[in-house]
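Residue numbers (this note's numbering): 367 to 857.
So this is what it looks like as C-alpha cells:
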C-alpha cells in the first residue's frame, strides 16, 4: 500500500463508543482504519462514515491487513470490553506491530492491568497507554473528555489527534497528559466515582422534593431547569430536567421516569473507587454511600417485603415550598462539592504514592466539557488548585470554605427534614458528616484509641507528652511485654 494511502490511526472495537470515536477522528481530517471481531460492525461503521459526509474511514476484516494499513509509527486505539478481551486483542494486534508503535486501551480498565500490559509489551518495544474516555455515545462522536496515561513519548505521538477530537472549552481541549501508565485509568475511575456520588445526591433531592414537597414531575423539571442556569449548572442537572417531564409513549399515560424499575445498574468503576479509597486510607464517604444505595436498590424483592413490616414516621412536618427549594439548592451544591473534594483527595493520594505527578487543576479543567460530571463550578475547582497546588482539601479553599459556611444551615435543615420524613439521604448526610468531621479540631477518636489500648494493648499518644503510652486500665491489666510486640496486631 502506497504511503499516501495509509491511515493516520486505527480503531479496533466498533461497539457504540468505538464507532463514534472512529467517526469523530475521521470528521477531524484523520484517515481512520477500523477493524472488529464481528465483521458486520466494520461494514456498519464504514457505511456511517459515507453517510455522514464521506468521511475517510476504511474497514479491514483481517487484523494483519488492519495493522499494515496504518502509517508508522502506528497508532491504534482499542475500545473493547475490559479484562480478557483487551489481553486477547493486544496479543492479536501486537503480533503484527513493530518497535515504536503505540497501542491505546480506551476502555474502563483497572489501572494495574494497564501497568501490567505496558510491561508485557516492553520487550517488543511497543508503547502502551491506558486512556479514560468519558462522555458516552454523544461525547465519543462530538468530543469526549480524554484522560491518557502512559510514557510521555506515547502521549506526544497521540496528542495531535486527542487535542482535535476532545471536547473544546474556553481554555482548551478537554485532554491532558495525566501521567505514567495507570494514571489515566485512575483519573477516569475517580471521575466515575464522583459521578456515582453526584447522581445519588441529585436522586435524594428529587425524592425529597417529590415526597415532602409534593411536587409534580412538571414542577420538578422546571426547578432543575432553573437550577441549571446558576451555580448548579451541569450535565447531570440538565438531563434530569429533561428526564422528569418525558411522557410515556409506550402506554400513552404518565411519565417514563415513574415506570423505570428502581434498581440501579453498575459496571464496577464505583466499586473500584471505594476499594481504592480504603487502600489509600482516603475517606470517600459520599461516593461510598452512593455505592451502598446501588446495592440496596438491587434488593428490590427484600425492600418490597420489608415495606410491609417496617414503618417510618407516623407524622411528618409540613414545609414551606419556597424555603424547601432554596434549602435544597444550597444543600445539593454543598454536598456536590464534598463529592468532588473526596475524589480529588483520592487522586492526590495515589499520585503521591505512585509518583505520577497528576495535576489536579488540569483534571478539573478537562472535566469541564465532554464528560458526565461536567459542571460550571469545575472552573472554580481548577482555580483553587492553580492558586494553591498543595491545597490539602478543596473544602479549605477560601472561596469554597466561605460558600460551605454560608450554605450549611440550609444543608442541615434538608438532612433533618429527610430524617423527620423517613426519606433516605445517605449521600447528603455522608457529605455533611464529612464536612463536620473535617472541620473539627478534636474528635472522639481519643476514646476509640483508649478502647484499643484497653482490649489490645495497642498503646496511644498523648496531647501533653511525647512518646507511646499504655495504661493498666483495671487491676487485671498488667505489663504485656515490649511495646513493639504489643502493637503488631493494630486494628
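Heads up, the beta-carbon is just placed ideally off N, CA and C, and yes, glycines get one too.
Contact check, residue i vs residue j, beta carbons under 8 Å
i           : j           : result
residue 591 : residue 646 : no
residue 547 : residue 481 : yes
residue 550 : residue 544 : yes
residue 514 : residue 659 : no
residue 571 : residue 694 : yes
residue 413 : residue 445 : no
residue 633 : residue 664 : no
residue 421 : residue 402 : no
residue 598 : residue 586 : no
heavy atom of the ligand SAM below 7 Å from residue i C-beta
i           : result
residue 440 : Judged by which ligands are present, the structure shown has none, so any question about the ligand SAM falls away.
Proximal residues to residue i (C-beta, below 6 Å), its chain only, five neighbours per side dropped
i           : result
residue 439 : 466, 467
residue 679 : 788
residue 622 : 612, 614
residue 690 : 579
Same chain, Cβ closer than 8 Å to residue i, neighbours up to 5 away in sequence not counted
i           : result
residue 769 : 699, 700, 703
residue 662 : 669
Burial state of residue i, where buried means 16 or more other Cβ atoms lie within 10 Å
i           : result
residue 835 : exposed
residue 461 : exposed
residue 839 : exposed
residue 510 : buried
residue 754 : exposed
residue 616 : exposed
residue 821 : exposed
residue 323 : Here the chain has residues from 367 to 857 only, and residue 323 is not among them.
residue 419 : exposed
residue 643 : buried
residue 850 : Its pLDDT being 42, under 50, residue 850 is placed unreliably in this model, and the value from its coordinates should be taken loosely. Exposed, since its Cβ has fewer than 16 Cβ neighbours within 10 Å.
Backbone CA spacing between residue i and residue j [nearest angstrom]
i           : j           : result
residue 859 : residue 503 : The structure shown does not extend to residue 859, since the chain spans only 367 to 857, so no value can be given for it.
residue 657 : residue 640 : 8 Å
residue 601 : residue 426 : 37 Å
residue 653 : residue 437 : 43 Å
residue 434 : residue 801 : 56 Å
residue 723 : residue 749 : 18 Å
residue 608 : residue 492 : 45 Å
residue 499 : residue 389 : 15 Å
residue 804 : residue 798 : 10 Å
residue 692 : residue 776 : 8 Å
residue 490 : residue 457 : 12 Å
residue 375 : residue 553 : 24 Å
residue 373 : residue 603 : 40 Å
residue 423 : residue 432 : 12 Å
residue 846 : residue 811 : Low per-residue confidence applies at residue 846: pLDDT is 49, beneath 50, and the placement is therefore not dependable, though the value from the model is reported in the following sentence. Those two C-alpha atoms are separated by around 23 Å.
residue 736 : residue 512 : 9 Å
residue 733 : residue 741 : 8 Å
residue 815 : residue 841 : 20 Å
Contacts around residue i, its chain only, beta-carbon distance under 7 Å, and the 5 residues preceding and following it disregarded
i           : result
residue 747 : 706, 730, 760
residue 831 : none
residue 556 : 639, 709, 712, 713
residue 386 : 503, 506, 507
residue 648 : 711, 712, 715
residue 391 : 375, 398, 527, 531
residue 562 : 636, 653, 656, 657
residue 853 : In this prediction, residue 853 scores a pLDDT of 48, lower than 50, which makes its location untrustworthy; the coordinate-derived value is nonetheless stated afterwards. 824, 825, listed in sequence order.
residue 382 : 503
Original post:
For the stretch 738-793, which segments carrying the alpha helix (DSSP H) assignment without a break, of at least 4 residues, lie completely within its bounds, in sequence order?
Top reply: 744-753, 764-787
Subject >> Segments of 4+ residues assigned as alpha helix (DSSP H) that fall wholly inside the stretch 696-732 >> reply: Qualifying alpha helix (DSSP H) stretches, in chain order: 726-732.
**OP:** For the stretch 469-530, list the beta strand (DSSP E) runs that are entirely contained and at least 3 residues long, ordered along the chain.
**Re:** 493-500, 511-515
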